[in-house]
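Numbering follows UniProt numbering, with no gaps: position 96 of the sequence shown is 96.
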Amino acid sequence: MKQHINILVVEDDNDINQLLCKIIEKSNYQAKSAYSGTEALLQLENKQWDLVLLDLMLPGLSGEDVLEKIRNNSTTPVIIISAKNATQHKVQGLRLGADDFISKPFDVEEVSARIDALLRRYKNNEQSNHYSKKLMFKDIILDNDSKKVTVNNHEVILTVREFNILHILMEKPEKIYSKANLFETVWGEKFYGDDNTVNVHMSNLRNKLAQQNSNETYIETVWGIGYRLKT
1 MKQHINILVV EDDNDINQLL CKIIEKSNYQ AKSAYSGTEA LLQLENKQWD
51 LVLLDLMLPG LSGEDVLEKI RNNSTTPVII ISAKNATQHK VQGLRLGADD
101 FISKPFDVEE VSARIDALLR RYKNNEQSNH YSKKLMFKDI ILDNDSKKVT
151 VNNHEVILTV REFNILHILM EKPEKIYSKA NLFETVWGEK FYGDDNTVNV
201 HMSNLRNKLA QQNSNETYIE TVWGIGYRLK T
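Have a look at this one:
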(Lines of atoms letter the chains of each structure in order from A and count residues from 1; the text may use other names and numbers.)
(Lines give C-alpha, C1' and ligand atoms only; values in the text may rest on other atoms or scores of the structure.)
Protein backbone atom coordinates (compact mmCIF):
# COMPACT_ATOMS: atom_id res chain seq x y z
CA MET A 1 0.00 0.00 0.00
CA LYS A 2 1.27 3.48 -0.87
CA GLN A 3 -1.24 5.62 1.02
CA HIS A 4 1.33 6.68 3.61
CA ILE A 5 3.48 8.48 1.03
CA ASN A 6 2.88 12.24 1.18
CA ILE A 7 3.99 14.45 -1.70
CA LEU A 8 3.94 18.25 -1.76
CA VAL A 9 3.28 19.84 -5.17
CA VAL A 10 4.62 23.41 -5.38
CA GLU A 11 3.28 24.92 -8.60
CA ASP A 12 1.49 28.25 -9.12
CA ASP A 13 -0.37 27.23 -12.29
CA ASN A 14 -3.62 25.66 -11.08
CA ASP A 15 -4.08 23.36 -14.10
CA ILE A 16 -0.54 21.99 -13.91
CA ASN A 17 -0.75 21.66 -10.12
CA GLN A 18 -3.97 19.65 -10.37
CA LEU A 19 -2.54 17.48 -13.15
CA LEU A 20 0.51 16.64 -11.02
CA CYS A 21 -1.76 15.84 -8.08
CA LYS A 22 -3.78 13.47 -10.28
CA ILE A 23 -0.58 11.73 -11.43
CA ILE A 24 0.43 11.27 -7.79
CA GLU A 25 -2.98 10.06 -6.65
CA LYS A 26 -3.21 7.60 -9.56
CA SER A 27 -0.19 5.87 -7.98
CA ASN A 28 -2.06 5.79 -4.63
CA TYR A 29 0.14 8.45 -3.05
CA GLN A 30 -1.25 11.44 -1.15
CA ALA A 31 -0.84 14.85 -2.83
CA LYS A 32 -1.04 18.34 -1.34
CA SER A 33 -0.97 21.57 -3.35
CA ALA A 34 0.99 24.73 -2.62
CA TYR A 35 0.76 27.67 -5.02
CA SER A 36 3.59 29.91 -3.83
CA GLY A 37 6.99 29.64 -2.22
CA THR A 38 5.69 31.07 1.05
CA GLU A 39 2.83 28.56 1.18
CA ALA A 40 5.29 25.76 0.44
CA LEU A 41 7.49 26.73 3.39
CA LEU A 42 4.47 26.74 5.70
CA GLN A 43 3.55 23.24 4.54
CA LEU A 44 7.14 22.08 4.99
CA GLU A 45 7.25 23.44 8.52
CA ASN A 46 3.98 21.80 9.54
CA LYS A 47 4.49 18.31 8.14
CA GLN A 48 7.10 15.73 7.17
CA TRP A 49 6.98 15.14 3.41
CA ASP A 50 8.27 12.10 1.53
CA LEU A 51 8.85 14.06 -1.69
CA VAL A 52 8.50 17.59 -3.06
CA LEU A 53 7.70 18.48 -6.67
CA LEU A 54 8.94 22.03 -7.14
CA ASP A 55 8.42 24.61 -9.87
CA LEU A 56 11.09 27.31 -10.10
CA MET A 57 9.01 30.25 -11.34
CA LEU A 58 6.81 30.97 -8.34
CA PRO A 59 5.22 34.24 -7.17
CA GLY A 60 7.14 35.93 -4.39
CA LEU A 61 9.69 33.47 -3.03
CA SER A 62 11.29 31.65 -5.97
CA GLY A 63 11.64 27.91 -6.35
CA GLU A 64 15.40 28.27 -5.98
CA ASP A 65 14.90 30.02 -2.63
CA VAL A 66 12.50 27.31 -1.47
CA LEU A 67 14.95 24.60 -2.46
CA GLU A 68 17.78 26.30 -0.62
CA LYS A 69 15.68 26.52 2.54
CA ILE A 70 14.68 22.86 2.24
CA ARG A 71 18.31 21.82 1.96
CA ASN A 72 19.27 23.87 5.00
CA ASN A 73 16.97 21.73 7.11
CA SER A 74 16.38 18.32 5.56
CA THR A 75 17.26 15.64 3.00
CA THR A 76 13.68 15.38 1.69
CA PRO A 77 13.84 14.26 -1.97
CA VAL A 78 13.06 17.09 -4.40
CA ILE A 79 12.19 16.90 -8.09
CA ILE A 80 12.21 20.19 -9.98
CA ILE A 81 9.54 20.45 -12.69
CA SER A 82 10.13 23.64 -14.64
CA ALA A 83 9.95 25.40 -17.99
CA LYS A 84 13.44 26.74 -17.20
CA ASN A 85 14.96 23.87 -19.12
CA ALA A 86 18.26 25.32 -20.31
CA THR A 87 21.31 23.38 -19.20
CA GLN A 88 22.39 26.21 -16.88
CA HIS A 89 19.07 26.04 -15.02
CA LYS A 90 19.28 22.27 -14.67
CA VAL A 91 22.83 22.50 -13.37
CA GLN A 92 21.88 25.26 -10.94
CA GLY A 93 18.94 23.25 -9.63
CA LEU A 94 21.09 20.18 -9.08
CA ARG A 95 23.80 22.25 -7.42
CA LEU A 96 21.24 23.72 -5.04
CA GLY A 97 20.29 20.21 -3.98
CA ALA A 98 17.54 18.88 -6.26
CA ASP A 99 17.56 15.12 -6.80
CA ASP A 100 16.06 15.25 -10.29
CA PHE A 101 14.93 17.74 -12.95
CA ILE A 102 11.96 17.31 -15.30
CA SER A 103 11.42 19.85 -18.08
CA LYS A 104 8.05 21.30 -19.06
CA PRO A 105 6.12 20.34 -21.06
CA PHE A 106 6.39 16.94 -19.39
CA ASP A 107 5.17 13.46 -20.19
CA VAL A 108 2.69 12.15 -17.61
CA GLU A 109 4.14 8.65 -17.59
CA GLU A 110 7.69 9.95 -17.21
CA VAL A 111 6.71 12.05 -14.19
CA SER A 112 5.02 9.04 -12.60
CA ALA A 113 8.00 6.80 -13.29
CA ARG A 114 10.52 9.28 -11.92
CA ILE A 115 8.48 9.76 -8.74
CA ASP A 116 8.31 5.99 -8.24
CA ALA A 117 12.01 5.56 -8.96
CA LEU A 118 13.15 8.26 -6.52
CA LEU A 119 10.86 7.05 -3.74
CA ARG A 120 11.98 3.46 -4.33
CA ARG A 121 15.65 4.36 -4.11
CA TYR A 122 15.08 6.45 -1.00
CA LYS A 123 13.17 3.63 0.70
CA ASN A 124 15.70 1.00 -0.33
CA ASN A 125 18.56 3.09 1.00
CA GLU A 126 16.77 3.51 4.33
CA GLN A 127 15.98 -0.18 4.68
CA SER A 128 19.08 -1.75 3.15
CA ASN A 129 20.37 -4.26 5.67
CA HIS A 130 23.87 -4.46 4.26
CA TYR A 131 24.58 -0.82 5.04
CA SER A 132 26.72 -0.31 8.12
CA LYS A 133 24.94 1.77 10.75
CA LYS A 134 27.85 4.18 11.11
CA LEU A 135 30.86 4.82 8.90
CA MET A 136 33.88 6.97 9.71
CA PHE A 137 36.62 8.44 7.53
CA LYS A 138 39.00 11.11 8.79
CA ASP A 139 36.66 13.53 10.59
CA ILE A 140 33.56 12.46 8.64
CA ILE A 141 30.93 10.44 10.50
CA LEU A 142 28.07 9.02 8.44
CA ASP A 143 25.15 7.60 10.43
CA ASN A 144 22.94 5.51 8.18
CA ASP A 145 20.14 5.13 10.72
CA SER A 146 19.60 8.85 11.20
CA LYS A 147 20.81 9.76 7.70
CA LYS A 148 23.09 12.37 9.26
CA VAL A 149 26.61 13.31 8.23
CA THR A 150 28.98 15.33 10.38
CA VAL A 151 32.34 16.78 9.40
CA ASN A 152 34.64 18.17 12.05
CA ASN A 153 31.71 17.80 14.50
CA HIS A 154 29.42 19.96 12.33
CA GLU A 155 26.34 18.51 10.65
CA VAL A 156 26.34 18.64 6.85
CA ILE A 157 22.98 18.64 5.06
CA LEU A 158 23.18 16.39 1.99
CA THR A 159 20.63 15.43 -0.63
CA VAL A 160 19.62 11.78 -0.87
CA ARG A 161 21.94 11.20 -3.80
CA GLU A 162 24.87 13.07 -2.26
CA PHE A 163 24.42 10.96 0.89
CA ASN A 164 24.35 7.75 -1.15
CA ILE A 165 27.46 8.71 -3.13
CA LEU A 166 29.35 9.44 0.08
CA HIS A 167 28.14 6.19 1.62
CA ILE A 168 29.38 4.18 -1.35
CA LEU A 169 32.80 5.84 -1.20
CA MET A 170 33.09 5.41 2.59
CA GLU A 171 32.22 1.70 2.49
CA LYS A 172 35.41 0.99 0.54
CA PRO A 173 37.73 4.01 0.88
CA GLU A 174 40.49 2.61 -1.33
CA LYS A 175 38.25 1.50 -4.18
CA ILE A 176 37.99 3.64 -7.32
CA TYR A 177 34.42 4.10 -8.56
CA SER A 178 33.80 5.08 -12.16
CA LYS A 179 31.09 7.56 -13.05
CA ALA A 180 29.15 4.69 -14.59
CA ASN A 181 29.43 2.71 -11.31
CA LEU A 182 28.14 5.62 -9.27
CA PHE A 183 25.36 6.59 -11.66
CA GLU A 184 23.96 3.08 -12.07
CA THR A 185 24.14 2.40 -8.32
CA VAL A 186 22.77 5.72 -7.05
CA TRP A 187 20.32 6.57 -9.84
CA GLY A 188 19.36 2.99 -10.64
CA GLU A 189 19.46 3.71 -14.38
CA LYS A 190 21.70 2.70 -17.28
CA PHE A 191 24.66 5.05 -17.80
CA TYR A 192 24.95 6.35 -21.36
CA GLY A 193 28.02 8.51 -20.94
CA ASP A 194 26.50 11.79 -19.74
CA ASP A 195 29.07 12.90 -17.14
CA ASN A 196 27.30 16.10 -16.15
CA THR A 197 24.85 14.60 -13.64
CA VAL A 198 27.55 12.79 -11.65
CA ASN A 199 29.94 15.74 -11.94
CA VAL A 200 27.42 18.19 -10.49
CA HIS A 201 26.51 15.98 -7.54
CA MET A 202 30.16 15.19 -6.83
CA SER A 203 31.03 18.90 -6.95
CA ASN A 204 28.20 19.69 -4.54
CA LEU A 205 29.31 16.96 -2.16
CA ARG A 206 32.93 18.12 -2.20
CA ASN A 207 31.94 21.73 -1.58
CA LYS A 208 29.72 20.84 1.37
CA LEU A 209 32.44 18.76 3.00
CA ALA A 210 35.04 21.47 2.39
CA GLN A 211 32.84 24.12 4.01
CA GLN A 212 33.29 22.37 7.35
CA ASN A 213 37.01 21.67 7.00
CA SER A 214 38.80 23.54 4.23
CA ASN A 215 42.17 22.12 5.29
CA GLU A 216 41.22 18.58 4.34
CA THR A 217 40.66 16.90 0.97
CA TYR A 218 38.20 14.02 1.21
CA ILE A 219 37.49 12.92 -2.36
CA GLU A 220 40.04 12.67 -5.13
CA THR A 221 39.61 12.31 -8.87
CA VAL A 222 41.59 9.52 -10.47
CA TRP A 223 41.83 10.93 -13.96
CA GLY A 224 40.37 8.76 -16.67
CA ILE A 225 39.02 6.27 -14.13
CA GLY A 226 36.75 7.81 -11.49
CA TYR A 227 36.62 8.80 -7.82
CA ARG A 228 37.74 7.50 -4.44
CA LEU A 229 38.35 8.81 -0.97
CA LYS A 230 41.73 10.47 -0.50
CA THR A 231 43.57 8.42 2.12
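In this text, a Cβ means the ideal position worked out from N, Cα and C, and glycines have one as well.
Distance between residue j and residue i (C-alpha atoms, nearest Å)
{"i": "GLY97", "j": "HIS89", "result": "13 angstroms"}
{"i": "SER27", "j": "CYS21", "result": "10 angstroms"}
{"i": "residue 233", "j": "ASN207", "result": "Residue 233 lies beyond the stretch modelled for the chain, which goes from 1 to 231, so this question has no answer here."}
{"i": "LYS47", "j": "VAL91", "result": "29 angstroms"}
{"i": "LEU209", "j": "LEU44", "result": "26 angstroms"}
{"i": "TRP223", "j": "ILE176", "result": "11 angstroms"}
{"i": "LYS138", "j": "LEU41", "result": "36 angstroms"}
{"i": "ALA117", "j": "ILE79", "result": "11 angstroms"}
{"i": "LEU58", "j": "ILE81", "result": "12 angstroms"}
{"i": "THR75", "j": "ASP143", "result": "13 angstroms"}
Exposure of residue i, with buried meaning 16 or more beta-carbon neighbours within 10 Å
{"i": "residue 235", "result": "This structure cannot speak to residue 235, because the chain is shown only from 1 to 231."}
{"i": "LYS2", "result": "A caution first: LYS2 carries a pLDDT of 45, below 50, which makes its placement in the model too unreliable to give a value."}
{"i": "LYS146", "result": "A small correction: the amino acid at residue 146 is Ser; Lys does not occupy that position in the sequence shown. Its Cβ having fewer than 16 others within 10 Å, SER146 is exposed."}
{"i": "ASP50", "result": "buried"}
{"i": "ASN72", "result": "exposed"}
{"i": "GLU155", "result": "exposed"}
Boundaries (first-last residue) of the alpha helix (DSSP H) holding residue i
{"i": "MET202", "result": "196-212"}
{"i": "ASN164", "result": "160-171"}
{"i": "LYS90", "result": "87-96"}
Start and end residues, beta strand (DSSP E) containing residue i
{"i": "HIS154", "result": "154-156"}
{"i": "LEU70", "result": "Position check: residue 70 holds Ile in this sequence, whereas Leu was assumed. Counting along the chain, ILE70 falls outside any beta strand (DSSP E), though it belongs to the alpha helix (DSSP H) covering 63-71."}
{"i": "GLY226", "result": "226-229"}
{"i": "THR221", "result": "219-222"}
As assigned by DSSP and simplified to three states, the class of residue i
{"i": "TYR122", "result": "helix"}
{"i": "ASP15", "result": "helix"}
{"i": "THR185", "result": "helix"}
{"i": "GLN30", "result": "strand"}
{"i": "LEU20", "result": "helix"}
Residue i beta carbon near the ligand MN (any heavy atom closer than 6 angstroms)
{"i": "SER203", "result": "As far as ligands go, the structure on display features none, and thus does not contain the ligand MN."}
Touch test, the region 64-79 against the region 93-113, Cβ-Cβ under 8 angstroms, three pairs minimum: yes
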